[in-house]
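For reference, the structure discussed in these notes is given below.
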Amino acid sequence: MSPSFLREPLLHFLLLGGVLFGLECWLTPTAAPTQNIVLEPETLNELAGNFTQARGRSPTQEELSELAVRWVTDEVLVREARELKLAQGDDVIRNRLASQMRAVVQHQSPLGEPSRDELERFFQAHHNAYDTPAHYDLEQRFVAGGLSEAKELAALWREKIAPAQWPQATTSLRHRPQSNLVAIYGELASAALLREPYNWQAVATQRGAQVARVTRVYPAQSAEFEAVRPRVARDWRLAEQQRRIAAEVARMAQGYQITVPPELPQTVADAIAHAVKSEDAR
1 MSPSFLREPL
11 LHFLLLGGVL
21 FGLECWLTPT
31 AAPTQNIVLE
41 PETLNELAGN
51 FTQARGRSPT
61 QEELSELAVR
71 WVTDEVLVRE
81 ARELKLAQGD
91 DVIRNRLASQ
101 MRAVVQHQSP
111 LGEPSRDELE
121 RFFQAHHNAY
131 DTPAHYDLEQ
141 RFVAGGLSEA
151 KELAALWREK
161 IAPAQWPQAT
171 TSLRHRPQSN
181 LVAIYGELAS
191 AALLREPYNW
201 QAVATQRGAQ
211 VARVTRVYPA
221 QSAEFEAVRP
231 RVARDWRLAE
241 QQRRIAAEVA
251 RMAQGYQITV
261 PPELPQTVAD
271 AIAHAVKSED
281 AR
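Okay, structure coming up:
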């Protein structure tokens, strides 16, 4: 004989209700709740601080936006990696999880060999990256007496000293692009040196006053496709891999509610919104 409580109608009703409820849950899967990703101001400040410590300067607005996009991208990849159990049983730091997930995405979408037309289109779109910019040889000498003495010396060397009598103890700089001149002398002084090549000028730098002059100008040269084709192919592969990963991250990001607090710069919010927008919506 079975126990009497098993014959109670109320128990039968409860058991049947539980079975039916379980069947309904199993046959009708519920949508996964949207997960929230919030880029807090403190996080952005930390990213900017790390950049400043590594580079010795604060990030520009564009660089700050890139840091924010990278953080959101990594956060999406980290959460997707955890869903795939990539970190199960392993105390893996955030960057490694994101790297693992990038490798998964890259493996799922392997690159074939680009056609010549693809490479030529890429070359034309990024032509400036392969051109050889104008560059310069320079001569310089530090002046202990400051900028006023440097001006006097520059005037003396310009007007009264023949080429064969130019002073010794100057330092030569070879094959320097304009960006390097700006880094050494600053925007204004480098522009003045380029406006008047071959003439001594007084310049103030972070290391002190100098007299300097451009001694040779190498004109810019436009790149030919065949000469740089191996570089173009390498750069195309890298850019295509990044594009595919970005597209997949944007697809993944549709499952998250990504929040940028209003106190953060609008450029950061715009960059993140663009990064997580699917390619179909662009």
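Using my numbering, the letters of the sequence shown map in sequence onto residues 1 to 282.
Cβ coordinates follow ideal geometry from the N, Cα and C atoms, glycine included.
Discussion item. Alpha carbons only, please: which of Val182, Arg234 and Ala183 is nearest the one belonging to Pro114?
Written reply: Taking the sequence shown and counting its residues from 1, the one referred to as residue 114 is at position 114. With distances taken between Cα atoms, Pro114 lies closest to Arg234.
Worksheet entry | 9 angstroms Cβ cutoff, Gln108 in contact with chain D | In summary, chain D is missing from the structure at hand, where a single protein chain is found.
Item to complete: Count the CB pairs spanning the segment 42–53 and the segment 221–241 that are closer than 8 angstroms, and state whether there are at least three.
Response: Taking 8 angstroms as the limit for Cβ pairs, the verdict is that the segment 221–241 does not touch the segment 42–53.
Worksheet entry | Tyr185 vs Ala212 beta-carbon contact at 9 angstroms | If you number the sequence shown from 1, residue 185 lands on position 185. If you number the sequence shown from 1, residue 212 lands on position 212. The answer is yes: Cβ separation under 9 angstroms.
Worksheet item: Do Arg174 and Asn199 have their C-beta atoms closer together than 9 angstroms?
Response: Counting from 1 along the sequence shown, the entry for residue 174 is found at position 174. Counting from 1 along the sequence shown, the entry for residue 199 is found at position 199. Contact: no.
Worksheet entry | Stretch-stretch touch, CB-based, cutoff 8 angstroms, three pairs: the segment 75–83 with the segment 250–265 | Three or more Cβ pairs closer than 8 angstroms define a contact, and the segment 75–83 meets that threshold against the segment 250–265.
Practice prompt. Use the C-beta contact count for Val38: other C-beta atoms within 10 angstroms, 16 or more gives buried, fewer gives exposed.
Written response: Mapped onto the sequence shown, residue 38 falls at position 38. By the neighbour-count rule (16 or more Cβ atoms within 10 Å), Val38 is not buried but exposed.
Worksheet item: Given a threshold of 16 other Cβ atoms within 10 Å of its Cβ, counted over all protein chains shown, does Ala129 qualify as buried or as exposed?
Response: As a first step, residue 129 is located in the sequence shown; it is residue number 129 there, counting from the start. It counts as exposed.
Discussion item. Between Ser58, Leu181 and Leu119, which has its C-alpha nearest Glu139's C-alpha?
Written reply: If you number the sequence shown from 1, residue 139 lands on position 139. For Glu139, the closest of Ser58, Leu181 and Leu119 by C-alpha to C-alpha distance is Leu181.
Worksheet item: Using the C-alpha atoms, what's the distance from Arg55 back to Phe153?
Response: To locate residue 153, count along the sequence shown from 1; it is residue 153. To locate residue 55, count along the sequence shown from 1; it is residue 55. Correcting the residue type first, residue 153 is Leu in the shown sequence and not Phe. Distance between the alpha carbons of Leu153 and Arg55 is about 36 angstroms.
Worksheet item: Could you give the distance in angstroms between the alpha-carbon of Ala275 and the alpha-carbon of Arg57?
Response: As a working mapping, residue 275 is identified with position 275 in the sequence shown. As a working mapping, residue 57 is identified with position 57 in the sequence shown. Looking at the backbone, the Cα of Ala275 and that of Arg57 are separated by about 25 angstroms.
Discussion item. Residues in the same chain with beta-carbon distance under 7 angstroms from Pro300, minus the five sequence neighbours each way, listed in chain order, please.
Written reply: Nothing about residue 300 can be reported from this structure: the residues present for the chain run from 1 to 282 only.
Fill in: Asn199 (DSSP reduced to helix, strand or coil)
Position 199 of the sequence shown holds residue 199. Of the three classes helix, strand and coil, the one that applies to Asn199 here is coil, per DSSP.
Item to complete: Please confirm whether any heavy atom of the ligand GTP lies closer than 8 angstroms to the CB of Pro197.
Response: Absent from the structure shown: the ligand GTP. Ligands present: none.
Practice prompt. Could you tell me if Ser179 is buried or exposed, where buried requires 16 or more neighbouring beta carbons within 10 angstroms of its beta carbon?
Written response: As a first step, residue 179 must be located in the sequence shown, where it is residue number 179. Its Cβ having fewer than 16 others within 10 Å, Ser179 is exposed.
Worksheet item: If you drop the 5 nearest sequence neighbours on each side, which residues of the same chain put their C-beta closer than 7 angstroms to that of Cys221?
Response: Here residue 221 refers to the residue found at position 221 of the sequence shown. What sits at residue 221 in the sequence shown is Gln, not Cys. Setting aside the 5 residues that flank it on each side, Gln221 is surrounded in the same chain by Asp131 and Thr132, each with a C-beta closer than 7 angstroms to its C-beta; the list follows chain order.
Fill in: Host beta strand (DSSP E) of Arg207 (start-end)
Counted from its first residue, the sequence shown places residue 207 at position 207. It is not in any beta strand (DSSP E) - Arg207 carries neither H nor E in the DSSP assignment.
Worksheet item: So who's on the other strand from Thr171, going by DSSP bridges?
Response: Residue mapping note: residue 171 aligns to position 171 of the sequence shown, counting from 1. In DSSP, Thr171 forms a bridge with Gln140.
Worksheet item: Going along the chain, which unbroken runs of the beta strand (DSSP E) with 3 or more residues stay wholly within the segment 242–270?
Response: Scanning the segment 242–270 for uninterrupted beta strand (DSSP E) segments of 3 residues or longer gives 256–259, listed from N- to C-terminal end.
Practice prompt. Note down, in chain order, each residue of its chain lying with its Cβ closer than 7 angstroms to the Cβ of Thr43, except the 5 sequence neighbours on either side.
Written response: As a working mapping, residue 43 is identified with position 43 in the sequence shown. Around Thr43: Trp71.
Worksheet item: In or out: Arg102 buried (at least 16 other Cβ within 10 Å) or exposed?
Response: In the sequence shown, the residue the question calls residue 102 occupies position 102. It counts as buried.
Worksheet item: Between Ala98 and Leu84, what straight-line distance do the alpha-carbon atoms span, to the nearest angstrom?
Response: The residue you call residue 98 lines up with position 98 of the sequence shown. The residue you call residue 84 lines up with position 84 of the sequence shown. When rounded, the separation of the alpha-carbon atoms in Ala98 and Leu84 is 12 angstroms.
Worksheet entry | N- and C-terminal bounds of the beta strand (DSSP E) containing Asn36 | To locate residue 36, count along the sequence shown from 1; it is residue 36. Going by DSSP, Asn36 is part of the beta strand (DSSP E) stretching over Gln35 to Val38.
Discussion item. Just to confirm my understanding: we take Glu149, look at its own chain, exclude 5 residues before and 5 after, and list those with CB closer than 6 angstroms. What are they?
Written reply: The residue you call residue 149 lines up with position 149 of the sequence shown. Excluding the 5 residues flanking it on each side, Glu149 has same chain C-beta neighbours closer than 6 angstroms at Val143, in chain order.
Practice prompt. Locate the alpha helix (DSSP H) running through Arg70, then write down its first and last residues.
Written response: Counted from its first residue, the sequence shown places residue 70 at position 70. That run of the alpha helix (DSSP H) goes Gln61 to Glu83.
Item to complete: Give every residue of the same chain whose Cβ lies closer than 8 angstroms to the Cβ of Glu63, excluding the five residues on either side of it in the sequence, and list them in chain order.
Response: Locating residue 63 in the sequence shown gives position 63, where the first residue counts as 1. The answer, listed in chain order, is Phe51.
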